[in-house]
Amino acid sequence: PAKEKPPNGENFIQVIDRVRECILDCTKKFKGRDVICISHGGVIRAALTIALKIEAERALSISVDNLSTTIIDYLHPCENFAGTWRVKCTNVPAIQEIF
Numbered sequence: 012p013a014k015e016k017p018p019n020g021e022n023f024i025q026v027i028d029r030v031r032e033c034i035l036d037c038t039k040k041f042k043g044r045d046v047i048c049i050s051h052g053g054v055i056r057a058a059l060t061i062a063l064k065i066e067a068e069r070a071l072s073i074s075v076d077n078l079s080t081t082i083i084d085y086l087h088p089c090e091n092f093a094g095t096w097r098v099k100c101t102n103v104p105a106i107q108e109i110f
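Encoded structure:
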């Protein structure tokens with residue numbers, strides 16, 4: 012399914028590539044600042060694929076409910092540290108407090 016593409020659309024692999032480009036741009040442009048992205052489940056699933064370094068097929072099994080919250084932090088590289096992603100929470104219902 013990750014490689015299947017609807018007519019005039021993109022497959023999940025292409026979504027991941029597009030999201031990766033946007034995320035890398037945002038992490039550079041807004042270094043040290045919080046960025047809030049409001050999106051649909053497919054883009055959130057793609058971001059989790061990147062952060063968790065998992066295969067696209069596996070990521071398709073991640074549930075992302077409407078109005079849920081997912082928090083992903085990027086820890087920028089510094090001396091003796093290559094930088095990494097940290098997934099703080101996923102799919103938290105809108106009625107729960109997350110902070």
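Heads up: the sequence shown runs through residues 12 to 110, numbered per this note's numbering.
Beta carbons: idealized from backbone N, C-alpha and C, even for Gly.
Predicted model, so just to flag it, every value in this text is computed and none were measured.
For L69, three-class secondary structure by DSSP: It should be noted that the sequence gives Arg, not Leu, for residue 69. Residue state, collapsed to three classes: helix.
Looking at A67: is its Cβ nearer than 8 Å to the Cβ of L59? no
Let me check understanding here. Comparing Cα to Cα, which of Q25, D76, I34, F41 lies closest to W96? Comparing Cα positions, the closest option is I34.
Mind pulling the alpha helix (DSSP H) runs of 4 or more residues that sit fully within the region 44-100? 52-63, 67-70
Distance, V54 Cα to I24 Cα: 11 Å
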